Amino acid sequence: MSLRRLSSAVLGKRYDYVIVGAGSAGCVLAHRLTKEHGASVLLLEAGRSNRGSWDSWKINMPAALTFNLADDKYNWDYHTVPQKNLDGRRLHQPRGKVLGGSSSLNAMAYVRGHALDYERWAQEIGSSRWKYQEVLPYFKKAQCHDSGASLYRGGSGPLKVGRRRTEAVRAINEAFVQAGLQAGYPHSEDQNGFQQEGFGQMDMTVGPDGVRSSTSERYLWPLFKPQSDEDRKAAEKLTVATHSTVLGLIFDGKRAVGVEAADAQGTAYQLLANEEVILSAGAVGSPQLLMLSGVGDAAELESHGIEVRHDLPEVGKNLNDHLEFYIQYLAKHTSLYPYAATFGGFGFLSKYLFRRPWNAALAGAAWFALGRGMSATNHFEVGGFIRSAPGRAHPDMQYHFIPGCVVGQLEFLPEHGYQAHCGTLRPSSRGTVKLASKDPRAAPLIDPNFLATEADVADQRNALRLTIEILEQEAFKPFVLRRFSPNEAVDINDDAAVDAWIRENSHSGYHLSCTCAMGRVVDDQGRVLGLDGLRVVDASIMPSMSSGNLNAPTIMIAEKIADAIRGVALPAEEGAAHFEPKDWETKQR
Numbered sequence: 001m002s003l004r005r006l007s008s009a010v011l012g013k014r015y016d017y018v019i020v021g022a023g024s025a026g027c028v029l030a031h032r033l034t035k036e037h038g039a040s041v042l043l044l045e046a047g048r049s050n051r052g053s054w055d056s057w058k059i060n061m062p063a064a065l066t067f068n069l070a071d072d073k074y075n076w077d078y079h080t081v082p083q084k085n086l087d088g089r090r091l092h093q094p095r096g097k098v099l100g101g102s103s104s105l106n107a108m109a110y111v112r113g114h115a116l117d118y119e120r121w122a123q124e125i126g127s128s129r130w131k132y133q134e135v136l137p138y139f140k141k142a143q144c145h146d147s148g149a150s151l152y153r154g155g156s157g158p159l160k161v162g163r164r165r166t167e168a169v170r171a172i173n174e175a176f177v178q179a180g181l182q183a184g185y186p187h188s189e190d191q192n193g194f195q196q197e198g199f200g201q202m203d204m205t206v207g208p209d210g211v212r213s214s215t216s217e218r219y220l221w222p223l224f225k226p227q228s229d230e231d232r233k234a235a236e237k238l239t240v241a242t243h244s245t246v247l248g249l250i251f252d253g254k255r256a257v258g259v260e261a262a263d264a265q266g267t268a269y270q271l272l273a274n275e276e277v278i279l280s281a282g283a284v285g286s287p288q289l290l291m292l293s294g295v296g297d298a299a300e301l302e303s304h305g306i307e308v309r310h311d312l313p314e315v316g317k318n319l320n321d322h323l324e325f326y327i328q329y330l331a332k333h334t335s336l337y338p339y340a341a342t343f344g345g346f347g348f349l350s351k352y353l354f355r356r357p358w359n360a361a362l363a364g365a366a367w368f369a370l371g372r373g374m375s376a377t378n379h380f381e382v383g384g385f386i387r388s389a390p391g392r393a394h395p396d397m398q399y400h401f402i403p404g405c406v407v408g409q410l411e412f413l414p415e416h417g418y419q420a421h422c423g424t425l426r427p428s429s430r431g432t433v434k435l436a437s438k439d440p441r442a443a444p445l446i447d448p449n450f451l452a453t454e455a456d457v458a459d460q461r462n463a464l465r466l467t468i469e470i471l472e473q474e475a476f477k478p479f480v481l482r483r484f485s486p487n488e489a490v491d492i493n494d495d496a497a498v499d500a501w502i503r504e505n506s507h508s509g510y511h512l513s514c515t516c517a518m519g520r521v522v523d524d525q526g527r528v529l530g531l532d533g534l535r536v537v538d539a540s541i542m543p544s545m546s547s548g549n550l551n552a553p554t555i556m557i558a559e560k561i562a563d564a565i566r567g568v569a570l571p572a573e574e575g576a577a578h579f580e581p582k583d584w585e586t587k588q589r
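Numbering-wise (my numbering), the sequence shown opens with residue 1 and increments by one.
The following block contains the structure:
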């Protein structure tokens, strides 16, 4: 495998596959198509490498996850258009601009979703390829779980997944799980296994080495130091070009034959594919590139002066995202704030100042030397999934618990505290990604259209009340001082007061998806409808969101379509059942 700038990657070369975007899906595809298919691949990434810079540790150290959200070095740093149902606020939408894409930026929560999500997908698409027992083998193929292989877990895949129990905050984490049980919810031994519903430990994409399991770290970089002849042959077939901005697709009639891309100096090159062009630029980048290339809603394209290549009105439509809020409490003791960074201060150093530098130095030293300690975890070590009302067949609310209070999504409150990130999982509101102009470098217009339906407003209101009920259980009595946000002046029994607080305090879960949905824009193998030689493989092709974080399903999608390109498929996991709550039609818990 060679990692290079664009100019040297194209000299006298032609590739079987040109993949646009070295993110959660693109790195997987590049690995599998070279190693298992024997194809030559050019993988293009607009951002830089996740290794080799003085501050690359910010990506690979799990506890440093907020650093990369605070600047645009590794981050597209998008914002939504003003959200009319959130008091006109523009919400932050970070997207990875680096090898590994958003898997190099995210919170490392490994959440597959619920089995019934994939049964729903199969119905929405009209294809049995995406039923749960068909996709489970690909979750397992990708995964190497600390606990080893089982019916539901993979034990030998590239993606290192595990759990952490940080001793300094173990008691308060366990209090959250116990509070869920006291509120009448079940315990879940494995939220990615038989039973998602309930409270328990969460899986994270962090390996035994304490390093973030981005797809670049686990799928690409091992090919730089091949351990076998198979790896060596794959490495020879793969070229990765960073700092490569794709400007548009090249067509011969209705067939995509390549891309036009510019290097860091603005010099443009034509890169041709023998077999296919694959867009893996994410739920923002993939529809943007299609539209820039004349594939999309004809009227919208013409309004920007773009020649219509193929009228496909659903491109950029059906945008899904999760809306979240934090319920926060001040605590007597036991939290992460003594170890946390503060983003106050001034200038360059403002991102590297800590509440108690000696604590941070010790935690950092333990990670750099041994890959262990407070810095070797994302600190989302426990969580929960619940059904919010009778008649919900599987969980529609998710919790990430963290022993600290985050202000403004980045900075820890300088006091002991804890919070539950709460989000509803299957909102009915749908949004769009549209072009701002025909300039490929102009950020597109991202409109999740949050809280556009009365059902979503009611679900968020209900979610807030259920969350406070959990966080005020007996298990938290040794820790709690008082509720911090919403503060005690907010009457949580007053619908108008709750709705106002939600409008002021909710933010994106960063789970943009579904803008090139299967059945609407692509078929059940990611091939763009009505065109040849062109696929989309990333979170944009989900027909609807899975119930949880999206990184694990995106990796699964890439694993599955890589096999589809080869014309093979793993056998279905026929014995894999899932938990069905008793009396779910009439009982909430």
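From the three backbone atoms N, C-alpha and C, an ideal C-beta is built for every residue, glycine too.
None of the values given here were measured: they were computed from a predicted structure.
State the DSSP-derived secondary structure class of residue i, mapped to helix, strand or coil.
{"i": "Met556", "result": "helix"}
{"i": "His187", "result": "strand"}
{"i": "Asn60", "result": "helix"}
{"i": "Ile541", "result": "helix"}
{"i": "Gly344", "result": "With a pLDDT of only 49 at Gly344, under the threshold of 50, the placement of this residue in the model should not be trusted; the figure read from the coordinates follows. Coil at Gly344, not helix or strand."}
{"i": "Gly423", "result": "strand"}
{"i": "Gln178", "result": "helix"}
{"i": "Leu349", "result": "Because the pLDDT of Leu349 is 42, which lies under 50, any placement of that residue in the model is unreliable, and the question is left without a value."}
{"i": "Phe479", "result": "coil"}
{"i": "Val161", "result": "strand"}
{"i": "Asn549", "result": "coil"}
{"i": "Phe385", "result": "strand"}
{"i": "Asn106", "result": "coil"}
{"i": "Asn320", "result": "strand"}
{"i": "Ile565", "result": "helix"}
{"i": "Leu508", "result": "This sequence places Ser at residue 508; Leu is not what is there. In this structure, Ser508 counts as strand in the three-state DSSP scheme."}
{"i": "Ala572", "result": "coil"}
{"i": "Ile492", "result": "coil"}
{"i": "Gly431", "result": "strand"}
{"i": "Glu314", "result": "coil"}
{"i": "Ser335", "result": "coil"}
{"i": "Phe368", "result": "helix"}
{"i": "Gly101", "result": "helix"}
{"i": "Glu411", "result": "strand"}
Buried or exposed for residue i, please, with buried defined as at least 16 other CB atoms from any protein chain shown within 10 angstroms of its CB.
{"i": "Glu585", "result": "exposed"}
{"i": "Pro486", "result": "buried"}
{"i": "Arg165", "result": "exposed"}
{"i": "Thr424", "result": "buried"}
{"i": "Ser102", "result": "buried"}
{"i": "Gly88", "result": "exposed"}
{"i": "Glu559", "result": "buried"}
{"i": "Asp439", "result": "exposed"}
{"i": "Arg232", "result": "exposed"}
{"i": "Gln227", "result": "exposed"}
{"i": "Phe346", "result": "Residue placement at Phe346 cannot be trusted, given a pLDDT of 42 that sits under 50; what the coordinates show is reported in the next sentence. Under this definition Phe346 is an exposed residue."}
{"i": "Ser540", "result": "buried"}
{"i": "Val568", "result": "exposed"}
{"i": "Thr267", "result": "exposed"}
{"i": "Asn50", "result": "buried"}
Could you spell out the range, first to last residue, of the beta strand (DSSP E) harbouring residue i?
{"i": "Thr377", "result": "Thr377 -> no beta strand (DSSP E), and no H or E assigned at all."}
{"i": "Gln398", "result": "397-402"}
{"i": "Asp447", "result": "445-447"}
{"i": "Leu330", "result": "323-331"}
{"i": "Glu580", "result": "Here Glu580 belongs to no beta strand (DSSP E), and DSSP marks it neither H nor E."}
{"i": "Gly258", "result": "255-262"}
{"i": "Asn274", "result": "268-279"}
{"i": "Arg592", "result": "No information on residue 592 is available, as it lies outside the stretch 1 to 589 that the chain covers here."}
Which residues mark the beginning and the end of the alpha helix (DSSP H) in which residue i is found?
{"i": "Tyr118", "result": "115-125"}
{"i": "Ile502", "result": "495-505"}
{"i": "Phe139", "result": "132-142"}
{"i": "Glu302", "result": "298-303"}
{"i": "Ile468", "result": "454-471"}
{"i": "Ala288", "result": "Here residue 288 turns out to be Gln, not Ala, going by the sequence shown. Segment 282-292, the alpha helix (DSSP H) holding Gln288."}
For my contact list, residue i and residue j are in at a C-beta cut-off of 8 angstroms; report their separation, rounded to the angstrom.
{"i": "Leu271", "j": "Ala261", "result": "6 angstroms"}
{"i": "Val111", "j": "Gly548", "result": "3 angstroms"}
{"i": "Gly285", "j": "Arg309", "result": "So it is not a contact: roughly 18 angstroms between Cβ atoms."}
{"i": "Glu574", "j": "Gln133", "result": "6 angstroms"}
{"i": "Val259", "j": "Val277", "result": "6 angstroms"}
{"i": "Arg163", "j": "Met204", "result": "7 angstroms"}
Check whether chain B comes within 8 angstroms of residue i, counting only Cβ atoms and requiring the distance to be less than that.
{"i": "Met108", "result": "Absent from the structure is chain B; it holds one protein chain and no more."}
Mind pulling the alpha helix (DSSP H) runs of 4 or more residues that sit fully within the stretch 183-245?
-> 229-237
At what residue ranges does the stretch 21-91 contain a whole run of the alpha helix (DSSP H), taking only runs of 4 or more?
-> 26-35, 57-60
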